[in-house]
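The sequence shown begins at 0 in numbering that gives the first Met the number 0 and counts up by one.
Note that beta-carbon positions come from the ideal geometry of N, C-alpha and C, so glycine has one too.
These notes are about the structure you will find just below.
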Amino acid sequence: MADFHEFYPLRRHNSFGFDVRARFAAHVRSESDLLCALADPRAHGLPLVVLGGGSNVVLTRDIDALVLLMEIPGYAVVAGDDAYLVTAGAGENWHALVCRTIADGLPGLENLALIPGTAGAAPIQNIGAYGVELRERFDSLRAFDRHSGEFVRLALEQCQFAYRDSLFKREGRDRYIITAVTLRLPLPWQPVLGYAELARELAQESAAAPTADRIREAVIAIRTRKLPDPAQIGNAGSFFKNPVVAPGQRDALLARYPNLVSHVQPDGSYKLAAGWLIDQCGFKGVSDGPVGVYGKQALVLVHHGGGTGQDLLALARRIADAVQARFGVRIEPEPVVL
Ligand SMILES: Cc1cc2nc3c(=O)[nH]c(=O)nc-3n(C[C@H](O)[C@H](O)[C@H](O)COP(=O)(O)OP(=O)(O)OC[C@H]3O[C@@H](n4cnc5c(N)ncnc54)[C@H](O)[C@@H]3O)c2cc1C
């Protein structure tokens, strides 16, 4: 039976620390909890909101909905010839999962260390960092399909993963409630060291070929230097996605701004560094009452306390408008606005 609460405070369930309440909230610790919560007559007719760790959402107001707090545990490993398959319950903490797999001799997730949130949310925006995206380590997931009322398995090709995007942010939004994720960790393990900052960090320490654990530690060291800890300052990591532009537009920008930071994509388009664009507009370290831009990284918006999601969105709009006016490029928020 899911724990059910009315007017439930969500401040501890979102990494910005915005103080809003849910009309109803249910702690979901199993698939049967999920079915009970969905069938509960108290929330009948109300919209549904699914929350994992709340590290990629902006809560702008009290939520007149049933909020499902996904806390399903679970960890199982199957060894195959060319990969380990690791299945994690949707409520497992992502970073703890990364550490556990490595400690169990199952390398492959090390570049994705220290990303906050749950395993069940990882497919939503196809989490990625330091040269690896979830889709490269993904096998399938199990979800409750609200259209059919059945549990379904969705394989890699069905999830339509793209840069910080997936089926679950588009047609599948409000349709699937993920209860477990199966990761595919290929054998033999190959370290991914293409990300320059990571290679530099590892080179400083030892010339020996790095282990998965060393890569995990290096990723943690870099992230700890660059990103604010949500336990200290409210934030959701990178607030804006890096915009992708056509080669012609990138060339025109490069002619005007020789320091422009851009990376060519497999299809020939260019990803621009949103943090650089924002920095050029003078926003790094700027405060706007209770919200602001992190002093060490212009891509991260922060909440110092006492503010609202509306305050944060107003600042985000100012930043996006300034970038648009100067560079002719629209930057879009990465977190889900609720
Ligand atoms: C300091 C910091 C650093 C970060 N760094 C990175 C990074 O390097 N790379 C990166 O990709 N992200 C990063 N993020 C963003 C965030 O950690 C990830 O997006 C993470 O996957 C969100 O997990 P969550 O459980 O907190 O999801 P939530 O914020 O709770 O939810 C996010 C979305 O997923 C949906 N959702 C959650 N669980 C489920 C489920 N079980 N079924 C269906 N829908 C669900 C929610 O409805 C919502 O739409 C960072 C965030 C912070 C605070």
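8 Å contact criterion, which residue i and residue j should meet: CB distance rounded
{"i": "T178", "j": "S139", "result": "T178 to S139, Cβ: 12 Å. No contact."}
{"i": "L252", "j": "F326", "result": "6 Å"}
{"i": "I71", "j": "G52", "result": "So it is not a contact: roughly 13 Å between Cβ atoms."}
{"i": "V85", "j": "L113", "result": "Their Cβ separation, rounded to whole angstroms, is 18 Å, which puts V85 and L113 out of contact at 8 Å."}
{"i": "L96", "j": "M69", "result": "Actually they do not touch by this definition, with Cβ atoms about 14 Å apart."}
{"i": "L184", "j": "G88", "result": "Wrong, their Cβ atoms sit about 17 Å apart, outside the cutoff."}
{"i": "L58", "j": "G306", "result": "Rounded, the Cβ-Cβ distance is 12 Å, inconsistent with contact."}
{"i": "R418", "j": "F3", "result": "Because the chain spans 0 through 337 in this model, residue 418 falls outside it and cannot be assessed."}
{"i": "N110", "j": "A82", "result": "The pair is not a contact, with the Cβ atoms about 17 Å apart (cut-off 8 Å)."}
{"i": "F150", "j": "F143", "result": "6 Å"}
{"i": "D103", "j": "V76", "result": "7 Å"}
{"i": "E200", "j": "A230", "result": "The pair is not a contact, with the Cβ atoms about 23 Å apart (cut-off 8 Å)."}
Minimum Cβ-Cβ distance from residue i to chain B less than 8 Å
{"i": "R41", "result": "Any reference to chain B falls outside this structure, which holds one protein chain only."}
Residue i versus the options, residue with shortest Cα-Cα distance
{"i": "L337", "options": "A211, E5, V328 and L9", "result": "L9"}
{"i": "G304", "options": "D287, H4, S261 and E70", "result": "D287"}
{"i": "Y269", "options": "V243, G308, P106 and D250", "result": "V243"}
{"i": "L259", "options": "D144, A272, Q157 and P265", "result": "A272"}
{"i": "V366", "options": "S29, G148, G130 and S31", "result": "Since the first residue of the chain shown is 0 and the last is 337, residue 366 is not available in this structure."}
{"i": "L133", "options": "L67, T117 and Q248", "result": "T117"}
{"i": "E196", "options": "H94, L184 and I214", "result": "I214"}
{"i": "D237", "options": "Y194, P334 and G171", "result": "Note on identity: in this sequence residue 237 is Ser, with Asp being the wrong assignment. The candidate whose alpha carbon is nearest that of S237 is P334."}
{"i": "N234", "options": "L311, S147, C98 and T86", "result": "L311"}
{"i": "R145", "options": "R169, A154, A75 and D173", "result": "D173"}
{"i": "E5", "options": "E30, A36 and S14", "result": "A36"}
{"i": "A313", "options": "G171, A82 and V292", "result": "V292"}
{"i": "H12", "options": "F3, L34 and N55", "result": "N55"}
{"i": "L356", "options": "I277, Q309 and V290", "result": "Absent from the structure is residue 356, since the part of the chain shown begins at 0 and ends at 337."}
{"i": "C280", "options": "Q264, V290 and Y256", "result": "Y256"}
{"i": "P332", "options": "L300, S147 and L153", "result": "L300"}
{"i": "P246", "options": "I232, K240, P229 and P265", "result": "P265"}
{"i": "I126", "options": "A202, G148 and H94", "result": "H94"}
{"i": "D212", "options": "V191, S147 and F282", "result": "V191"}
{"i": "I101", "options": "R169, Q159, R249 and E216", "result": "E216"}
{"i": "R329", "options": "G294, Q296 and K240", "result": "K240"}
{"i": "V263", "options": "W275, D250 and G274", "result": "D250"}
{"i": "Y7", "options": "V66, D39 and L33", "result": "V66"}
{"i": "R152", "options": "R316, Y194 and Y175", "result": "Y175"}
{"i": "G73", "options": "E30, P46 and D80", "result": "E30"}
{"i": "S147", "options": "G171, A324 and W275", "result": "G171"}
Coarse secondary structure for residue i, derived from DSSP in three states
{"i": "A21", "result": "strand"}
{"i": "E170", "result": "coil"}
{"i": "S29", "result": "coil"}
{"i": "G90", "result": "coil"}
{"i": "G288", "result": "coil"}
{"i": "I277", "result": "helix"}
{"i": "D164", "result": "strand"}
{"i": "K225", "result": "helix"}
{"i": "H262", "result": "strand"}
{"i": "D320", "result": "helix"}
{"i": "D2", "result": "strand"}
{"i": "P46", "result": "coil"}
{"i": "G233", "result": "strand"}
{"i": "G304", "result": "coil"}
{"i": "A220", "result": "helix"}
{"i": "A121", "result": "coil"}
{"i": "E132", "result": "strand"}
{"i": "F282", "result": "coil"}
{"i": "P185", "result": "strand"}
{"i": "F238", "result": "coil"}
{"i": "G247", "result": "helix"}
{"i": "I71", "result": "coil"}
For this session: Take every Cβ of the stretch 22-34, pair it with every Cβ of the stretch 56-74, and state whether three or more of those distances are shorter than 8 Å.
Result: The stretch 22-34 is in contact with the stretch 56-74.
Problem set entry | Cβ contact (3+ pairs, closer than 8 Å) linking the stretch 118-125 and the stretch 162-170 | Result yes; three or more Cβ-Cβ pairs closer than 8 Å.
For this session: Would you check if the stretch 312-332 and the stretch 213-227 touch, i.e. whether three or more CB-CB distances between them fall below 8 Å?
Result: no
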